[in-house]
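Residues in the sequence shown are numbered from 16 upward in steps of one, following my numbering.
We treat Cβ as the ideally placed atom computed from N, Cα and C, and that holds for glycine.
In what follows, a single structure is set out as structure tokens and then discussed.
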Amino acid sequence: YCLAHQTVYESIYNFYYELIVGNFAKAGHEHHFFNFLIFMGLFLGRLSGDIFLFISEDAYCTAKFDMHNRLRRGAWDASIMRWIRKRRTLHTIISVFSVYFWYIGTGFYLHKALPTLMDVRMD
């Protein structure tokens, strides 16, 4: 499991970092790319419905009822979520990318902000 996690993480991170961030880093706008990754992670989680797994049971039932009503009204997001959920392999792939995009994006800010926040040296 750990080997698979590290392999997927490094593959996704290195591919996107070398492809996109290299150009942003030269211009000093590296943080825009990581903001985009966080947004894409949350957006993919919303489309697949996995973002609702992190809320309480009552809130989940409310969200499920709301999505059922949205599906009956023909909302595009509910239709996409149902279409993705019917395809197990696609749902798994989107879920993995969603988690890793969010993880990579927040990891960047932890590595940038945490040392500054935890610096206890007196000036």
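8 angstroms contact criterion, which residue i and residue j should meet: CB distance rounded
| i | j | result |
| --- | --- | --- |
| His106 | Ile95 | About 11 angstroms; that fails the 8 angstroms criterion. |
| Phe69 | Tyr124 | Actually they do not touch by this definition, with Cβ atoms about 19 angstroms apart. |
| Tyr115 | Tyr32 | 13 angstroms between Cβ atoms; not a contact. |
Pick from the options that is closest to residue i, judged by C-alpha positions
| i | options | result |
| --- | --- | --- |
| Leu59 | Asp92, Ser71, Met133 and Thr22 | Asp92 |
| Arg97 | Asn29, Gly64, Ser26 and Tyr24 | Gly64 |
| Ser26 | Met133, Phe112 and Ala90 | Phe112 |
| Ala90 | Asn50, Thr77 and Leu62 | Leu62 |
| Ala78 | Phe67, Thr131, Leu86 and Arg87 | Phe67 |
| His46 | Arg103, Cys76, His126 and Lys101 | His126 |
For residue i, the three-state DSSP class (helix, strand or coil)
| i | result |
| --- | --- |
| Ile70 | coil |
| His83 | helix |
| Arg102 | coil |
| Met96 | helix |
| Gly64 | coil |
| Ala90 | coil |
| His47 | helix |
Any chance the region 47 to 56 sits against the region 106 to 122, with 3 or more Cβ pairs inside 8 angstroms? yes
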